[in-house]
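Residue numbers for the sequence shown follow full-length UniProt numbering, so the first one is 1 and each next one is one higher. These notes are about the structure you will find just below.
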Amino acid sequence: MSCPLFQVKDQPLRIIIWRCDGLLSAYQLKIHKTGAVTEDDMSQLYMIWKPVCSGCRVNTKDNPNCFCALVPPPNGTRKAGLWQKMSDFVESLGPDPTLDLRASDSYPAGLTNLGATCYANSILQCLYMNKSFREGIFSVEPDLLQKQPVLGQLIRLFVQLHASKMAFVDSSPFVKTLELDNRVQQDSHEFMTLLLSLLEGCLSHSKIAKARTTVQDLFRGSMFHVTTFWHVPNTAFLEVSVLHRCAQCGRESESSSKMEDFYGLELNIKGLKGLDESLDDYLAIEELHGDNQYFCGSCKTRVDATRSIKLCTLPDVLNFQLKRYVFLPQNTTKKKVTSAFSFPAELDMHRRLSEPSQFELIYDLSAVLIHKGTAVNSGHYIAHIKDENTGQWWEFDDEQVTNLGFHPFGETASSSTSKSVKTDASNCSEAILTDSNGLDAPHSQSSLQETFSSSDAYLLMYHLKHNKNVGENMDTAYGVNIKEVEGNEITAQDSPFVPSHLCDEIQNFNASYLDSCEHYKYRKNLELSCINERRQEVRSVLAEAPTQPREQPYFWICSDWLRQWADSNIPAALDNTSIQCSHGKVPVFKVTSMKRLSAKAWNILLSKYGGGPTLSHDDCCWDCLIDGAQNVVSADTYRDQRESLKQLARAILDGNYKDGMYYVSRPWLQQWWKRKVVDAPSEADAGPTTSITCPHGQLMPVQAVGAKRLLVPECFWLFLYKDAISVKPDDPLGCPTFPLDSRECCQCSDEISNEACFEDSLRLVKQMQRQNHEKLFVGKSMPLSLHCKYFLVPSSWISKWRNFVNFAVKNSDKPETLDGVIDSLMCEKHSRLVERPPELIYRRSAIISRESSVGGLTIVSENDWKCFCEEWSGIETKGISARIEKVNDLENALNGSCKEMPICEDKLDTWDNVNNESYIGVNEQLVIKTYPEKTP
1 MSCPLFQVKD QPLRIIIWRC DGLLSAYQLK IHKTGAVTED DMSQLYMIWK PVCSGCRVNT
61 KDNPNCFCAL VPPPNGTRKA GLWQKMSDFV ESLGPDPTLD LRASDSYPAG LTNLGATCYA
121 NSILQCLYMN KSFREGIFSV EPDLLQKQPV LGQLIRLFVQ LHASKMAFVD SSPFVKTLEL
181 DNRVQQDSHE FMTLLLSLLE GCLSHSKIAK ARTTVQDLFR GSMFHVTTFW HVPNTAFLEV
241 SVLHRCAQCG RESESSSKME DFYGLELNIK GLKGLDESLD DYLAIEELHG DNQYFCGSCK
301 TRVDATRSIK LCTLPDVLNF QLKRYVFLPQ NTTKKKVTSA FSFPAELDMH RRLSEPSQFE
361 LIYDLSAVLI HKGTAVNSGH YIAHIKDENT GQWWEFDDEQ VTNLGFHPFG ETASSSTSKS
421 VKTDASNCSE AILTDSNGLD APHSQSSLQE TFSSSDAYLL MYHLKHNKNV GENMDTAYGV
481 NIKEVEGNEI TAQDSPFVPS HLCDEIQNFN ASYLDSCEHY KYRKNLELSC INERRQEVRS
541 VLAEAPTQPR EQPYFWICSD WLRQWADSNI PAALDNTSIQ CSHGKVPVFK VTSMKRLSAK
601 AWNILLSKYG GGPTLSHDDC CWDCLIDGAQ NVVSADTYRD QRESLKQLAR AILDGNYKDG
661 MYYVSRPWLQ QWWKRKVVDA PSEADAGPTT SITCPHGQLM PVQAVGAKRL LVPECFWLFL
721 YKDAISVKPD DPLGCPTFPL DSRECCQCSD EISNEACFED SLRLVKQMQR QNHEKLFVGK
781 SMPLSLHCKY FLVPSSWISK WRNFVNFAVK NSDKPETLDG VIDSLMCEKH SRLVERPPEL
841 IYRRSAIISR ESSVGGLTIV SENDWKCFCE EWSGIETKGI SARIEKVNDL ENALNGSCKE
901 MPICEDKLDT WDNVNNESYI GVNEQLVIKT YPEKTP
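Below, the structure is given as structure tokens:
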């Protein structure tokens, strides 16, 4: 068990000694007695005898053989330094570009979300994954791109999606060119419609036929609306937008010669289960009769009719917008329809055309755009898109791209918002049959049709699968947009190609990115390799560090340096200067700041890091031991002497000791007595006579503030004087000594006497004024009488005067002379009062004034005014006199006050009632009339 540590201060040596139960160590006594130090003494005092520590949780300071807790356990880490987590070291290298590396060339890339651009990212991914559209815009001539920046940025974005090595592409250049507000989310279908319209206009300037009609060839279909009037025989359905023929006049409407183009069909889904029902609803015949009759523009009358939509041609890419947002007229808001909606993997549109066709129109589901969330103006858009080449589905969620397998919602996915089911191919409107996993059977089961259901699907994309005559193989079909390929025009390739003018740009980008990845990998491997090597070095050196108690040679090493070395990535040079004494060796009081190191471990550290000095087992400082032992004995003697003098000090403070010879400060001695007994004097022991020494270096008169003193015997004074000088040896004033026969400073005595006389006279003046104005001093309300003469004095001056004459208020300010105060009551510009007279109160048959707490004027008696003028240099005739009078009406009150002493309106607020008067009778009022005294 180690003994407690104490610090002893002696000039100039400071040493740590060991005590046990308040007694000096036997070894310290022995050294002091014999003046010699043995090897056994060294072993005990330097704690060399302690065994090698293994297993403690902290690095013990009182055991130089303990090297525990310098490193964490094998699997442990620390918050900082060499032993922090490897992930923290990797994080300090900066962002890892390899995390953004695309998994493979066949793995699609994502798009960055710039805030609220998920709607645009989903549509852009749908367009990019369309191979025909991608090849069409890639074929645009470079010259056109300079004139059409939106088209140029879109092609550059698609090239990066196609050939970039990064897992996601920055979409900000395209978004900025399109001038989209990335803080506002828009409707994805509206964005697609506007984007296709803009691209159609841009591509119309292309000289390449394929590129020029890319949007129309892929996305444009045609329809016409049919309005049929009843009782019109042999009405024909023509391919016009609206066929209007009146039953009375027989004339057709003016809009009967145009056909409408469409890029998508907007389908109702509220109350409908699936896509077939929505298409039936979209193409259903609507009857117009009653209040909804059709108005004929020719004969100016309303007639019964039917109205419907007829599909004329269908595009290669058929888009269906599902109307999930419905308008609520009761609160004029929109609400999202979250009911499940089913749609097939294959869609037969043959029977949906306006005229029967001999060709099959089979469409494959190619993309599902999904809106997550229940709010109309918020939420999140993602897209599930099918790869045309592999048939695999991918989920595009901004930067994140996930493989879904061969099903649009995952091969094993069956959630509350989307699932895969099977229906009978012969009757698609029948009930949906679902297996236990919500997935379909193999494709060989032709009796079932694969159908999907989702409560968040917002946009469906179908690609034309094939178009052939029933029983025949043909390449073209009526009712479908056919691509014409001329001999001198660019044809579509089987695999996507990158425009030549962007090849160098994307290659340079990929090369730069891959180079940054390799550079980061190199830095990471180098950093981690250095960390592992340093950790291995620390563990191996610490394994060799312990040395047995009797083993020699050994070396002393600074604990602080060893701790920093074991926890630093790049250690500094070895530094033992902090554990070296003035003799160039190792003092015993540094034993808690150093460790015993084996020769092998020391040689490894010294050879690698250099530094020093080298302190071996032969460098224990014997001189410090002998001097320290002497200081230990001196400290014990000092303690005993001080303890005995404390008892004498208590007797002196209590007045029980009369044989004093030297003066010391009483407050200082009282604090000295309260302090704990220590082994050496401290800073507080300086200046026992400082507070009783006057500025002239002599004894301060006892009447001075803080100059109380006591007499102490000569032995006590010598002890205190020695301590004071040892604590502050360089103090120029030293410690003044005042024997019993010391005389007080005459100059200070005269100053104190003069000041005392002045204080006495001032006290008499204050006492006299308090007697002259007794009621005014205590603040009692003075009863006022009608027609008596009074004077007005500022309330602030009265308050300052009360504080001045009050003995309980120390260091109060002296009031100003009355002459200047009265002058301040008059406005020089208007010669009127700047303050209102005080409020009058009629209470208990007496008239009194109410003083304001924030200023104003105070009414004083004529006698008080005369006394104030004598005491504070006032001129009696200059005062503002006042009389209290009773008037019968308010108007007379105003006239009387204003005639005698009007109030300056520039410096006063609106007055509710003159003088805030109190009523005596029904028609009687009290007012204060002021009269400035004139000089005869």
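Heads up, the beta-carbon is just placed ideally off N, CA and C, and yes, glycines get one too.
Residue i versus residue j: straight-line alpha-carbon distance, rounded
{"i": "L361", "j": "W393", "result": "23 Å"}
{"i": "L243", "j": "T227", "result": "Only weak support is given to the placement of L243: the predicted model assigns it a pLDDT of 47, under 50, and the question is left unresolved by the model."}
{"i": "W717", "j": "F738", "result": "10 Å"}
{"i": "Y931", "j": "V702", "result": "56 Å"}
{"i": "P546", "j": "D685", "result": "45 Å"}
{"i": "R642", "j": "E759", "result": "44 Å"}
{"i": "K131", "j": "R534", "result": "55 Å"}
{"i": "F320", "j": "L267", "result": "7 Å"}
{"i": "L857", "j": "V793", "result": "6 Å"}
{"i": "I370", "j": "Y458", "result": "5 Å"}
{"i": "A635", "j": "F589", "result": "15 Å"}
{"i": "W49", "j": "E551", "result": "10 Å"}
{"i": "Y119", "j": "Y381", "result": "5 Å"}
{"i": "A566", "j": "L70", "result": "6 Å"}
{"i": "A163", "j": "V498", "result": "8 Å"}
{"i": "A477", "j": "D304", "result": "Here the model assigns A477 a pLDDT of 31, short of 50, so the residue's position is not dependable and the matter cannot be decided."}
{"i": "residue 978", "j": "E751", "result": "Residue coverage of the chain in this structure runs from 1 to 936, which leaves residue 978 outside it and unanswerable."}
{"i": "W83", "j": "P72", "result": "7 Å"}
{"i": "E411", "j": "G405", "result": "6 Å"}
{"i": "residue 937", "j": "K658", "result": "Absent from the model: residue 937. The displayed extent of the chain is 1 to 936, so no value can be given."}
Delimiting residues of the alpha helix (DSSP H) encompassing residue i
{"i": "S749", "result": "C746 to N772"}
{"i": "W602", "result": "A599 to Y609"}
{"i": "H617", "result": "It is not in any alpha helix (DSSP H) - H617 carries neither H nor E in the DSSP assignment."}
{"i": "D377", "result": "It should be noted that the sequence gives Asn, not Asp, for residue 377. Premise fails: N377 is in no alpha helix (DSSP H) and is neither H nor E."}
{"i": "S726", "result": "E714 to V727"}
{"i": "G152", "result": "P149 to A163"}
Contact test: residue i Cβ vs the ligand FMN heavy atom, cutoff 6 Å
{"i": "F589", "result": "The ligand FMN is absent from the structure shown, which contains no ligand whatsoever."}
Inter-residue CB distance, residue i and residue j (contact presumed, cutoff 8 Å)
{"i": "K775", "j": "M768", "result": "The Cβ separation is near 16 Å, so there is no contact."}
{"i": "W865", "j": "F791", "result": "4 Å"}
{"i": "I875", "j": "L784", "result": "About 24 Å; that fails the 8 Å criterion."}
{"i": "K886", "j": "L786", "result": "6 Å"}
{"i": "G94", "j": "A211", "result": "About 42 Å; that fails the 8 Å criterion."}
{"i": "G706", "j": "P736", "result": "Not quite, the Cβ-Cβ distance comes to about 15 Å (not below 8 Å), so this is no contact."}
{"i": "T451", "j": "S378", "result": "That pair is no contact at about 30 Å."}
Proximity below 7 Å, CB of residue i to CB of residue j
{"i": "S172", "j": "L99", "result": "no"}
{"i": "L711", "j": "G660", "result": "yes"}
{"i": "A724", "j": "P688", "result": "yes"}
{"i": "L275", "j": "Y462", "result": "no"}
{"i": "F224", "j": "Y263", "result": "no"}
{"i": "L161", "j": "Y128", "result": "yes"}
{"i": "V376", "j": "K310", "result": "no"}
{"i": "L178", "j": "V150", "result": "yes"}
{"i": "S881", "j": "K789", "result": "yes"}
{"i": "H384", "j": "V401", "result": "no"}
{"i": "L365", "j": "A345", "result": "yes"}
{"i": "L322", "j": "I269", "result": "yes"}
{"i": "C558", "j": "N576", "result": "yes"}
{"i": "R709", "j": "D679", "result": "no"}
{"i": "K829", "j": "P815", "result": "no"}
{"i": "L574", "j": "G611", "result": "yes"}
For residue i, the residue or residues it bridges with in DSSP
{"i": "T333", "result": "L328"}
{"i": "N811", "result": "Its beta-bridge partners do not exist; DSSP assigns none."}
{"i": "N510", "result": "BP columns for N510 are empty, so no partner."}
{"i": "M826", "result": "L833"}
{"i": "I875", "result": "The partner list for I875 (beta bridge, DSSP) is empty, contrary to what the question assumes."}
{"i": "G221", "result": "F262"}
Host beta strand (DSSP E) of residue i (start-end)
{"i": "Y263", "result": "Unbroken run through Y263: none, as it is neither H nor E."}
{"i": "F791", "result": "K789 to P794"}
{"i": "F320", "result": "V317 to K323"}
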